[in-house]
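Asks:
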Amino acid sequence: MTIQQAVSLIIITHGGGPMVENLLTSIAIHTEMAHEIVVFDNNSPDDTADRVQRHSSNPRLIRSARNLGYGAGINSAVRIASSDDIVIMNSDLRVTPGWLPPLVAALNENHVAIASPIYCDAEENPQETGAVITADGHVHKHAAPVIGLQPVDHISAACWAFKKSWFESIGGFNPAFGLGYYEDVDVASLCSHYKRSVVVVDSSRVIHEENGSFETTQTRHLSHRNHARNATRWQWLYNGNFSRHTHTNAAISNGQVAIVGHYPDLTRELQAKYLSVTQLASIEELETRGHRDDVIVVDGDHELVESKAPRAEVTSPHDIYKALKRAGICLNSIPPRPLFSSISNVRSQRW
């Protein structure tokens with residue numbers, strides 16, 4: 007008789023007790039495959055850890071004395087996981103029937119390093135099936151149809167399956183990214199560098215509520231800082247050596263700007279500085295942008311825009327250059343070029 011090896015499901019928490027309980031309950035209902043649950047609590051400011059400890063699914067709880075962030079929390083939990091088959095999970099997920107076996111099966115393909123389900127909204131409509139990494143290091147989510155195991159440049163690490171042995175061989179998530187943002191893009195880029203695939207599995211789906219972990223100001227700071235770190239580390243890859251899984255034409259740019267309204271002179275002025283500029287007819291169109299913009303230019307309704315694009319600097323047209331400076335964007339009339347130091351840095355794990 008063959009004993010089935012349990013899969014280690016790793017959940018990272020920092021508050022949001024009721025949401026975590028919903029995830030644990032959905033796992034108990036919809037996961038027939040043998041598994042263990044490891045919950046790494048990043049020093050939650052509420053009773054989340056106590057709720058986890060009381061849950062009937064009997065998860066293994068690790069309490070951190072401080073908030074280590076998503077990546078470092080995952081690294082710590084993976085070390086003590088029992089199985090070589092690992093699934094890391096955001097706390098704002100709910101799983102659906104049959105979600106786990108296809109992910110684990112995908113890891114048996116030699117070229118696959120990371121397998122992800124399709125992320126759906128509360129009505130189970132696909133909301134993310136992958137993402138494109140453009141030459142400027144920005145990540146553009148999409149919901150394109152998936153057939154079988156679909157290779158992608160990247161997909162959010164809200165639910166990734168991988169082998170513990172592989173994850174430890176690459177050193178896990180790089181702690182230099184701090185509390186969050188872009189550590190998963192870094193790992194996806196590493197996969198491409200080593201000719202391994204990140205795949206989305208069409209027969210596995212989870213519901214992703216996408217509840218934010220940070221306040222808006224902190225979100226902007228972390229996102230801008232870590233985008234710069236990731237782009238510096240991998241610029242040589244994105245600028246020509248990247249084996250892309252889409253036919254997107256990615257222009258090299260110094261940053262990403264969305265302009266709401268008709269400002270042709272400003273658009274030409276920014277494009278002359280090698281900024282990627284997108285013109286939008288209305289604020290509502292920001293919902294399709296996938297939080298890709300560094301700066302959003304709009305005349306009024308700044309609070310509404312901030313709620314739809316929390317990572318971006320929001321500004322009026324006449325304050326655009328101050329906003330670009332806050333976003334860490336250096337303007338230049340010469341297009342960006344990969345530096346030799348970028349190649350050296352990635353090889354020595356520095357930036």
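Read in our numbering, the sequence shown has 31 at position 25, and its numbers run on one by one without any break.
All C-beta atoms, glycine included, are put in the ideal place defined by N, C-alpha and C.
#1: Please indicate yes or no: does the CB of Leu292 lie closer than 6 Å to some heavy atom of the ligand SAM?
#2: When the distance is taken between beta carbons, is Thr321 closer than 7 Å to Ala333?
#3: Would you call the stretch 59 to 69 and the stretch 129 to 140 in contact, with 3 or more CB pairs under 8 Å?
#4: Decide yes or no for the touch test of the stretch 176 to 193 against the stretch 148 to 157: beta carbon pairs closer than 8 Å, at least 3 of them.
#5: Run through DSSP, which three-state label would Tyr327 get?
#6: Checking the sheet assignment: what are the DSSP bridge partners for Phe168?
#7: Using only the alpha-carbon positions, how far apart do Ala12 and Cys165 sit?
#8: DSSP puts Arg69 in a beta bridge; with which residues?
#9: For Thr225, write down the residues that DSSP places opposite it in a beta bridge.
#10: When you compare only the Cα positions, how much space is there between His268 and Leu276?
#11: State the DSSP-derived secondary structure class of Gly23, mapped to helix, strand or coil.
#12: Hey, could you find the ends of the beta strand (DSSP E) Cys126 is sitting in?
#13: Cβ atoms of Gly79 and Phe46: under 7 Å apart, would you say?
#14: Along the chain, where does the alpha helix (DSSP H) that runs through Glu189 open and close?
#15: Answer with yes or no whether the minimum CB distance from Val84 to chain D is below 7 Å.
#16: What's the call for Pro103, buried or exposed, on a 16-neighbour Cβ count within 10 Å?
#17: Looking at the strands, I want to know which residues DSSP matches up with Glu42.
#18: Secondary structure at Lys279, three-state DSSP: helix, strand or coil?
#19: Quick check on Pro103: does DSSP put it in helix, strand or coil?
#20: Where DSSP assigns a beta bridge to Gln156, which residues make up the other side?
#21: Whose C-alpha, out of Arg69, Val44, Ala40 and Ile43, is nearest the C-alpha of Asp52?
#22: Where does Val303 fall in DSSP's three states?
#23: Under 7 Å Cβ to Cβ from Ser97, same chain only, skipping five residues before and after it: list those, please.
#24: Pick from Asp142, His61, Tyr188 and Ser14: whose alpha carbon is nearest that of Tyr244?
#25: In the DSSP assignment, what residue or residues form a beta bridge with Thr321?
#26: Taking Gly77 as part of the alpha helix (DSSP H), name the residues at either end of that continuous run.
#27: Can you give the beta carbon distance from Val304 to Ser282, rounded, assuming they're within the 8 Å contact cut?
#28: Residues in the same chain with beta-carbon distance under 6 Å from Thr284, minus the five sequence neighbours each way, listed in chain order, please.
#29: Can you name, in chain order, every residue of its own chain whose Cβ lies under 7 Å from the Cβ of Val311, other than the five neighbours on each side?
#30: Report the three-state DSSP secondary structure of Leu113 (helix, strand or coil).
#31: Rank Ile124, Asn114, Val158 and Ser88 by C-alpha distance to the C-alpha of Trp105 and give the top, closest one.
#32: Got a sec, what are the start and stop residues for the alpha helix (DSSP H) Glu312 sits in?
#33: For Cys336 and Arg85, what's the separation of their Cα atoms in angstroms?
#34: Just how far apart, CA to CA, sit Leu15 and Glu38?
#35: Since Ala55 is in the alpha helix (DSSP H), which residue starts that stretch and which ends it?
#36: So, helix, strand or coil for Leu185, using DSSP?
Replies: On the basis of the data shown:
#1: Summarising the ligand content, the structure contains no ligands, and the ligand SAM is consequently not present.
#2: Along the sequence shown, read from residue 1 onward, the residue named residue 333 stands at position 327. Along the sequence shown, read from residue 1 onward, the residue named residue 321 stands at position 315. Result no, Cβ atoms of Ala333 and Thr321 do not sit closer than 7 Å.
#3: no
#4: no
#5: As a first step, residue 327 must be located in the sequence shown, where it is residue number 321. DSSP places Tyr327 in helix when its eight states are reduced to three.
#6: The sequence position of residue 168 within the sequence shown is 162, counting from 1. Bridge partners of Phe168: Ile92.
#7: Taking the first residue of the sequence shown as 1, we reach residue 12 at position 6. Taking the first residue of the sequence shown as 1, we reach residue 165 at position 159. If I take the Cα positions, the gap works out to 17 Å.
#8: What you label residue 69 is simply residue 63 of the sequence shown in a count that begins at 1. Arg69 pairs with Asp47.
#9: Your numbering for residue 225 matches position 219 in the sequence shown. For Thr225, which the question treats as bridged, DSSP gives no partner whatsoever.
#10: Counting from one through the sequence shown, the residue named residue 268 turns up at place 262. Counting from one through the sequence shown, the residue named residue 276 turns up at place 270. Approximately 14 Å between the Cα atoms of the pair.
#11: Sequence index remark: in the sequence shown, residue 23 carries index 17 (1-based). Helix, per DSSP.
#12: Against the sequence shown, residue 126 aligns to sequence position 120. Counting along the chain, the beta strand (DSSP E) containing Cys126 begins and ends at Val118 to Cys126.
#13: Here residue 46 refers to the residue found at position 40 when the sequence shown is read from its first residue. Here residue 79 refers to the residue found at position 73 when the sequence shown is read from its first residue. Against a cut-off of 7 Å, the Cβ pair of Gly79 and Phe46 comes out as a contact.
#14: Here residue 189 refers to the residue found at position 183 of the sequence shown. It spans Glu189 to His199 - the alpha helix (DSSP H) in which Glu189 sits, taken as one unbroken run.
#15: Here chain D cannot be found, since the structure has a single protein chain.
#16: As a working mapping, residue 103 is identified with position 97 in the sequence shown. When all chains shown are included, Pro103 counts as exposed.
#17: Start at 1 with the first residue of the sequence shown, and residue 42 comes out as number 36. In the DSSP output, where bridge partners are listed per residue, Glu42 has Ser14.
#18: Locating residue 279 in the sequence shown gives position 273, counting from the first residue. Lys279: coil per DSSP, three-state reduction.
#19: Taking the first residue of the sequence shown as position 1, residue 103 is located at position 97. Coil at Pro103, not helix or strand.
#20: Here residue 156 refers to the residue found at position 150 when the sequence shown is read from its first residue. Paired residue(s): Val206.
#21: As a first step, residue 52 must be located in the sequence shown, where it is residue number 46. The option with the nearest alpha carbon to Asp52 is Arg69.
#22: In the sequence shown, counting from the first residue as 1, residue 303 sits at position 297. Val303 falls in the strand class under three-state DSSP.
#23: Numbered from 1 along the sequence shown, position 91 holds the residue referred to as residue 97. Ile17, Ile18, Thr19, Gly22, Met25, Val26 and Leu29.
#24: Taking the sequence shown and counting its residues from 1, the one referred to as residue 244 is at position 238. It is Asp142 whose Cα lies nearest to the Cα of Tyr244.
#25: Counting from 1 along the sequence shown, the entry for residue 321 is found at position 315. DSSP lists Val303 as partners of Thr321.
#26: By one-based count along the sequence shown, residue 77 stands at place 71. Tyr76 to Ile86 is the span of the alpha helix (DSSP H), which, as asked, contains Gly77.
#27: Here residue 304 is taken as the residue at index 298 of the sequence shown, counted from 1. Here residue 282 is taken as the residue at index 276 of the sequence shown, counted from 1. Between Ser282 and Val304 the Cβ distance is about 17 Å, and since that is not below 8 Å, they are no contact.
#28: Here residue 284 refers to the residue found at position 278 of the sequence shown. Taken in chain order, the residues that qualify are Ala264.
#29: By 1-based counting over the sequence shown, the position of residue 311 is 305. Excluding sequence neighbours, Val311 sits near Ile289, Leu292, Ile302, Val304 and Val320.
#30: As a position in the sequence shown, residue 113 is number 107, starting the count at 1. Coil at Leu113, not helix or strand.
#31: The sequence position of residue 105 within the sequence shown is 99, counting from 1. Out of Ile124, Asn114, Val158 and Ser88, Ile124 has the C-alpha closest to the C-alpha of Trp105.
#32: Looking up residue 312 in the sequence shown gives position 306. Start and end: His308 to Lys314.
#33: The count along the sequence shown starts at 1 and reaches residue 336 at position 330. The count along the sequence shown starts at 1 and reaches residue 85 at position 79. Cα to Cα, Cys336 sits roughly 40 Å from Arg85.
#34: One-based indexing of the sequence shown puts residue 15 at position 9. One-based indexing of the sequence shown puts residue 38 at position 32. Using only the alpha carbons, I get a separation of about 13 Å.
#35: Within the sequence shown, residue 55 is the residue found at index 49, counting from 1. Element bounds for Ala55: Thr54 to Arg60.
#36: As a position in the sequence shown, residue 185 is number 179, starting the count at 1. Here Leu185 sits in coil by DSSP.
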